[in-house]
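Asks: Mind having a look at this structure? Questions to follow.
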Amino acid sequence: MAGGSRSRLGCWTCRLRRKKCDERRPECATCEGLGIACHGYGQRPEWMDGGEKEKAAAAETRRQIKSAARREPPAPPIQDRSNRDHSNARSPRQSPVLDGNTPLEQDLANVLLHEPSQADVTSSPGTAPASPALKRTKTELRPGPAISFATLSRNQNFNGFDGTFTSSETPRPVDYSLPQALKGREASLLMYYLDYVFPIQFRMYNPTAAEGGRGWLLSLLLRTPPMYHMTLAMSAHCFEMIEVPNGAKERKQASLSQLGSALQNLQQYIRVYSQQKETRSMDDSLKVLGCILQMTAFVAFAGGTENWHIHMKGAADVVSGLVNALIPSAPLPETASSPPSSVSSHDSDPSLFFNEDEVLLKFLVTVFVWIDTVSCVSLGSRPFLADHHETLLGGPNPPLRLDKIAGIRNWALISIGKIASLDAWKRNSQSNGTLSIIELAKRATKLEIELKQAFDEFMKNRKQPTIRDRPALPYLTPLSEHADYVSEFYGRAALTYLHVVVSGPYPELPEIRENIFTTMELLKRLPNTLLPRTMWWPLLITGSLAGLEEQTMIRNIILKCGVSESSLGIGWNILIVLEECWKRRSLNDPVAPLGVGDGYWGDIMTSLHFKLMLM
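9 is the number that the UniProt record's numbering gives to position 9 of the sequence shown; each next residue is one higher, with no gaps.
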């Protein structure tokens with residue numbers, strides 16, 4: 001037989017090619033040497049059907065081999081998609097890889113529900129005792145059984161990293177080592193992510209070299225193998241979605257299968273972390289947090305609907321151990337073996353004028369606080385870190401700066417977090433039969449006074465936007481200059497949010513109508529057509545209560561920023577929720593306002609069978 005004796009446990013690519021596989025994990029050396037996608041060792045791919053799909057996959061693999069032999073050039077830059085035709089259909093866009101029948105069922109959420117016993121983790125000889133699987137050495141990890149997204153969403157006993165993991169299987173070890181040198185295809189995908197995908201994730205993030213640039217991101221990827229491999233797979237997926245939107249289905253399925261394999265490896269990585277409570281370092285926590293947030297990034301790219309709240313709960317458990325490291329003069333968290341200035345196990349150059357570990361810590365926690373807070377309208381929940389908002393975001397020199405990453409001034413997010421907490425308190429009191437309207441009015445009045453004072457102070461000191469002579473990312477439209485505009489929009493939407501929590505989603509109420517009118521006037525002065533992609537939360541709050549003419553304006557603003565059913569991100573699903581709000585109002589059939597469910601927006605999403613992650 002060509003290629004020697006084949007194992008039935010080989011990767012799916014080698015089995016497709018009927019070649020011998022060395023069974024290296026997460027990607028076999030045979031596929032790596034040929035420069036082709038290794039489809040991993042998960043569940044049988046859909047295209048492995050013995051029929052036409054399998055023939056098409058084999059043809060695509062042969063094409064990849066020929067392309068690699070010719071040293072195919074790197075991926076071209078993102079083209080302008082502003083003129084792409086928009087579909088008139090209004091169906092929720094969900095990821096084709098998260099439908100319960102793909103390798104992505106081996107999701108890292110499994111780890112967030114189960115913790116391994118000591119017998120489930122074995123280290124290679126010579127591995128250091130402290131956090132061995134999180135170093136750059138080869139480690140054997142024992143994977144557990146798959147849990148579907150549907151199973152996870154029904155699980156009512158989720159306790160972060162405090163569960164118990166058992167398995168009757170005898171799984172194979174997983175190799176967590178990075179190649180000594182990046183091959184052409186990996187280098188192209190890595191640079192495509194750094195140059196194009198990451199700036200799409202964080203359109204307002206435009207750091208100078210003195211602020212750390214993006215070097216910390218490259219360092220994190222190169223010393224965190226599971227995150228590295230998942231990032232390459234996500235980069236390949238984004239390339240297919242952006243550059244070849246009408247490409248072959250089999251080619252897209254190949255990149256998605258690669259992502260599924262990467263997520264399986266990430267699952268095992270986090271499982272080891274959950275087991276090592278006594279020996280994990282702060283650097284371990286930062287790398288695991290980076291892995292989880294990268295998973296939520298994929299969820300956002302795929303439409304923002306798939307079980308993100310489970311991942312956020314796991315991330316909250318990690319972040320809670322890092323908060324004290326951000327507080328000046330505070331003792332280090334118990335899980336930290338070193339201060340932020342030296343948390344990393346890798347070498348740091350003291351000659352650099354920024355601290356890479358501090359930049360990483362602040363970036364990851366800031367991103368978590370942002371998503372955690374604004375997504376509360378989908379779940380009707382209180383932010384996980386609500387008790388820490390004033391410490392992390394308040395004062396003249398706060399440890400975290402939301403405007404640097406999300407374009408939101410801290411005062412706006414603090415207010416949104418307090419309103420979300422009031423929302424959760426109100427509905428809990430309703431369900432318990434203990435709601436006091438007097439107490440609700442008292443709390444709401446206090447929040448309204450605080451919000452208006454912060455807003456007035458912001459408007460008084462607001463500066464005119466300035467454009468950098470040399471933007472840090474010159475090939476992308478710099479949106480960071482519009483942070484004050486974004487903050488004003490968030491602030492006005494927060495006031496509408498408060499009125500809805502207190503009085504219900506009634507656009508005819510004078511206080512709601514007045515604020516919606518003022519906010520729509522602000523939208524008429526939109527300084528950049530791409531800016532709505534950074535303002536999904538206020539667009540949802542404002543748009544859901546818009547009048548007929550205002551609805552048309554909101555719809556056009558969303559479509560003009562490049563949103564379509566096939567585009568990356570949550571924009572299309574935002575439009576779906578808005579259209580549902582408008583339809584219910586036109587039929588005089590609104591969702592029961594702020595009952596004991598998830599609140600107005602959460603109940604609308606429930607009727608659409610998804611919960612939307614906002615960022």
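Beta carbons: idealized from backbone N, C-alpha and C, even for Gly.
#1: Would you kindly work out how many angstroms separate the C-alpha atoms of Pro225 and Thr231, rounded to a whole number?
#2: Within 10 angstroms of its Cβ, does Thr305 collect 16 or more other Cβ (buried), or is it exposed?
#3: Tell me the DSSP secondary structure of Trp536 in three-state form.
#4: Compute every distance between the C-beta of Ser281 and the non-hydrogen atoms of the ligand HEM, then say whether any falls below 8 Å.
#5: For Val367, which residues from the same chain have a beta carbon less than 7 Å from its beta carbon, with the 5 sequence-adjacent residues on both sides left out?
#6: Straight-line CA distance for residue 618 to Lys452?
#7: I believe Ser415 touches Glu450 by the beta-carbon criterion, under 8 Å. Please report the beta-carbon distance rounded to the nearest angstrom.
#8: Once DSSP output is grouped into helix, strand and coil, what is the label at Gly184?
#9: If you follow the alpha helix (DSSP H) that residue 659 is in, where does it begin and where does it stop?
#10: What does the Cβ neighbour count give for Asn265, buried or exposed, with the cut at 16 atoms within 10 Å?
#11: Between which residues of its own chain and Trp537 is the CB-CB distance below 6 Å, once the five residues before and five after are set aside?
#12: Compute the distance between the beta-carbons of Met459 and Phe384, then report whether it is under 9 Å.
#13: Roughly how many angstroms separate the alpha carbons of Ile557 and Arg533, rounded to a whole number?
#14: Does the Cβ-Cβ distance between Thr30 and Thr61 come in under 9 Å?
#15: Are the CB atoms of Gly602 and Ser378 nearer to each other than 9 Å?
#16: Would you mind reading off the limits of the alpha helix (DSSP H) that contains Ile414?
#17: Beta-carbon separation of Arg462 and Thr542 under 9 Å?
#18: Pick helix, strand or coil for Met613, following the three-state DSSP scheme.
#19: Can you tell me which of the three DSSP states Pro199 falls into?
#20: Among the residues of its own chain, which have a CB less than 6 Å from the CB of Lys135, if the five just before and after it don't count?
#21: Out of Tyr228, Lys418, Leu286 and Phe301, which one is the CA nearest neighbour of Lys362?
#22: In whole angstroms, what is the alpha-carbon distance linking Pro207 and Pro199?
#23: My assumption, with CB atoms under 8 Å, is that Ala494 sits in contact with Ala412. Please give the rounded CB distance.
#24: Quick check: Ser566 and Met241, are their CB atoms within less than 9 Å of each other?
#25: Within its chain, find whatever has a CB closer than 6 Å to the CB of Cys238; leave out the 5 residues flanking it on each side and keep chain order.
#26: Please report how far the alpha carbon of Gly260 lies from the alpha carbon of Asp357, in whole angstroms.
Replies: Quick look at the numbers:
#1: For the purposes of this step, residue 225 is taken as residue 225 along the sequence shown, with counting starting at 1. For the purposes of this step, residue 231 is taken as residue 231 along the sequence shown, with counting starting at 1. So the two alpha carbons sit approximately 10 Å from each other.
#2: Here residue 305 refers to the residue found at position 305 of the sequence shown. The residue is buried, with at least 16 neighbouring Cβ atoms inside 10 Å.
#3: Taking the sequence shown and counting its residues from 1, the one referred to as residue 536 is at position 536. Note: Trp536 maps to helix in three-state DSSP.
#4: Ligands displayed in this structure: none; no statement on the ligand HEM is therefore possible.
#5: Here residue 367 refers to the residue found at position 367 of the sequence shown. Taken in chain order, the residues that qualify are Leu293 and Ile405.
#6: With the chain covering 1 to 615 only, the question about residue 618 has no answer from this structure.
#7: The residue labelled residue 415 in the question sits at position 415 within the sequence shown. The residue labelled residue 450 in the question sits at position 450 within the sequence shown. Contact flag correct, Cβ pair sits at about 7 Å.
#8: The sequence position of residue 184 within the sequence shown is 184, counting from 1. Reduced to three states, the DSSP call for Gly184 is helix.
#9: The shown model of the chain, from 1 to 615, leaves out residue 659, and the question about it has no answer.
#10: Counting from 1 along the sequence shown, the entry for residue 265 is found at position 265. Buried is the call here.
#11: Against the sequence shown, residue 537 aligns to sequence position 537. Cβ neighbours of Trp537 beyond the five flanking positions: Val374 and Leu614.
#12: Position 459 of the sequence shown, counted from the start, is the residue given in the question as residue 459. Position 384 of the sequence shown, counted from the start, is the residue given in the question as residue 384. Cβ atoms of Met459 and Phe384: not closer than 9 Å.
#13: Numbered from 1 along the sequence shown, position 557 holds the residue referred to as residue 557. Numbered from 1 along the sequence shown, position 533 holds the residue referred to as residue 533. Spanning the two alpha carbons is a distance of roughly 10 Å.
#14: Sequence index remark: in the sequence shown, residue 30 carries index 30 (1-based). Sequence index remark: in the sequence shown, residue 61 carries index 61 (1-based). No, Cβ-Cβ distance for Thr30 and Thr61 is not below 9 Å.
#15: Taking the sequence shown and counting its residues from 1, one reaches residue 602 at position 602. Taking the sequence shown and counting its residues from 1, one reaches residue 378 at position 378. Yes, the Cβ-Cβ distance between Gly602 and Ser378 is below 9 Å.
#16: Locating residue 414 in the sequence shown gives position 414, where the first residue counts as 1. Unbroken alpha helix (DSSP H) run through Ile414: Asn410 to Asn432.
#17: Taking the first residue of the sequence shown as 1, we reach residue 462 at position 462. Taking the first residue of the sequence shown as 1, we reach residue 542 at position 542. Their beta carbons are not under 9 Å apart, which means Arg462 does not touch Thr542 by this criterion.
#18: Along the sequence shown, one-based indexing puts residue 613 at 613. Here Met613 sits in coil by DSSP.
#19: As a working note, residue 199 is residue 199 in the sequence shown. Looking at Pro199 - three-state DSSP - the assignment turns out to be helix.
#20: Walking along the sequence shown from the start, residue 135 turns up at place 135. Residue placement at Lys135 cannot be trusted, given a pLDDT of 39 that sits under 50; what the coordinates show is reported in the next sentence. There are no such residues.
#21: If you number the sequence shown from 1, residue 362 lands on position 362. Nearest option by C-alpha distance: Leu286.
#22: Position 207 of the sequence shown, counted from the first residue, corresponds to residue 207. Position 199 of the sequence shown, counted from the first residue, corresponds to residue 199. For Pro207 and Pro199, the distance between alpha carbons rounds to 11 Å.
#23: On the sequence shown, position 494 is the one that residue 494 refers to. On the sequence shown, position 412 is the one that residue 412 refers to. The Cβ separation is near 6 Å, so the contact holds.
#24: Position 566 of the sequence shown holds residue 566. Position 241 of the sequence shown holds residue 241. In contact: Ser566 and Met241 (Cβ atoms closer than 9 Å).
#25: As a working mapping, residue 238 is identified with position 238 in the sequence shown. The residues are Val197.
#26: Taking the first residue of the sequence shown as 1, we reach residue 260 at position 260. Taking the first residue of the sequence shown as 1, we reach residue 357 at position 357. Taking the straight line from one Cα to the other gives about 29 Å.
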